[in-house]
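Participant: Under the working numbering, read the sequence shown as residues 124 to 439, first letter to last.
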Amino acid sequence: MDSIIHQDQLAHIAHDYYLSKLSITELSKKYQLSRYLITKSLDEALASGLVSIQINSPMARNFQLETAVKKQFGIPHVAIMKDADNPGQDSSSIIEFAAEQIQLVLRQSHIVGVTWGSTVFDVVDHFHNELRDDLTFTQFLGENMKYNSASGSTRMVEKAAAKFEANYLTIPAPLYVVNDAIREGLPQEPALRRTFAAANRMDFLFCGMGTVSSIDSIPQWTQAKKEIFPGVDFSDIAGILFGRPYDIRGHFLLPEADKTLGVSLDNILATPRRLAVIKSKFKTDAALGALRGHMITDLVMNESIAQRILAAAGFN
């Protein structure tokens, strides 16, 4: 009888977790068990066959094209999804695969940098719930000022942390600060020291890729572009990554006059894994510049985007 009761409880816990989408903490409160015992119960339900997980993945990859991109740009990790028969499914395939890949890297990570935007929002939304007390998500750049958007900077780290019941750290200050003294002093403020200390030790970060339109979509920045990017010819900007503009040759355009509040470019580029997700063919130039500049170590996209990038690079 005890075994039947135990199996019944395992079934209820598994049902609430996998189907009702309750978190580990919520399950712990509901069943008055520690989070450790809840996790152990879920593992037992899988091991015993009470729960089975079947993944019907429609996501096929073009390995030949991946090899070509790796060889052309010297990037170690590339995933290129085959184009779907229905073009409307391309974006969802990229997002689903990116979420799976990122979640695998997260299992080997402890301090993870997160940016913002609809692509990052969609990726985070596709994460599966896990319990990771030893994981911290952090902003490594200031706030993009999209306070009314669910895909703003601060909300992204909160959203990601909630998926793993992990810790998160924020930078409640603007992405761009034109006053040099203020920008240089802010990281030393008590409210921000902990975030900057963690962000300077990131072992992984993931992001989307921006363009000039990313800046133009935020009134505060578009009205002050000449102050934020002094001396920059905006026609030279191929993309915006880590808050900084760069050209199609892969050169950041503000090495001496960077108004970005956040971790230094040197420290960002020293992060061992830097994964970008591209789901729009209109970001070909942004992707090409980032690849040429070795700004990222990992890239997820589809065949159409990859072929446009290689064509723009003159690859035969």
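Glycine included, each C-beta is placed from N, C-alpha and C at the ideal position. This structure is a prediction, so every number in the text was calculated from the model and none was measured.
1. Helix or strand or just coil, what does DSSP make of isoleucine 338?
2. On the CB-based measure, 16 or more other CB atoms within 10 Å of its CB, does valine 301 come out buried or exposed?
3. Helix, strand or coil: how does DSSP classify glutamate 288 here?
4. From the DSSP secondary-structure annotation, give me the bridge partner or partners of alanine 202.
5. Just checking my contact of isoleucine 419 with alanine 399 at CB under 8 Å: how many whole Å lie between their CB atoms?
6. What are the start and end residues of the alpha helix (DSSP H) that includes arginine 316?
7. Indicate the three-state DSSP secondary structure (helix, strand or coil) for methionine 124 in the structure shown.
8. For the beta strand (DSSP E) holding phenylalanine 260, just list the boundary residues, first then last.
9. Which whole-angstrom value describes the C-beta separation of phenylalanine 263 and methionine 332, a residue pair presumed to lie in contact below a C-beta threshold of 8 Å?
10. Go to valine 192, then tell me how far its alpha helix (DSSP H) extends in each direction, as first and last residue.
11. Once the 5 residues before and after leucine 173 are set aside, which same chain residues still bring their CB inside 7 Å of it?
12. So, alanine 347 versus leucine 411, is the Cβ gap smaller than 9 Å?
13. In the DSSP assignment, what residue or residues form a beta bridge with glutamate 350?
14. Three-state secondary structure (DSSP) at valine 243?
15. For serine 216, tell me which candidate among Met204, Lys152 and Asp389 has the shortest Cα-Cα distance.
16. Can the beta-carbon of leucine 377 be found less than 9 Å from the beta-carbon of phenylalanine 352?
17. Quick check: the Cα distance between leucine 309 and leucine 292, rounded to an integer number of angstroms?
18. Would you check if the distance between the CB atom of phenylalanine 327 and the CB atom of serine 232 is smaller than 9 Å?
Facilitator: On the basis of the supplied data:
1. The three-state reading of DSSP puts isoleucine 338 in helix, counting H, G and I together.
2. By the neighbour-count criterion, in which 16 or more other beta carbons inside 10 Å mark a residue as buried, valine 301 falls on the exposed side.
3. Correct three-state label for glutamate 288: coil.
4. Answer by DSSP bridge pairing, in chain order: Val423.
5. With 8 Å as the limit, isoleucine 419 and alanine 399 qualify as a contact, their Cβ atoms being about 5 Å apart.
6. Note, arginine 316: alpha helix (DSSP H), 313-322.
7. Low per-residue confidence applies at methionine 124: pLDDT is 42, beneath 50, and the placement is therefore not dependable enough to give any value.
8. In this chain, the beta strand (DSSP E) harbouring phenylalanine 260 covers 259-261.
9. That pair is no contact at about 16 Å.
10. Residues 186-196.
11. Gln130, Leu133, Ala134 and Ala137, listed in sequence order.
12. A distance of 9 Å or more separates the beta carbons of alanine 347 and leucine 411.
13. According to DSSP, glutamate 350 bridges with nothing at all.
14. In the three-state DSSP reduction, valine 243 falls in the helix class (H, G or I).
15. Of the listed residues, the one whose Cα sits closest to serine 216 is Met204.
16. Yes, the pair counts as a contact, with Cβ atoms nearer than the cut-off.
17. Approximately 15 Å between the Cα atoms of the pair.
18. Yes. Within cutoff.
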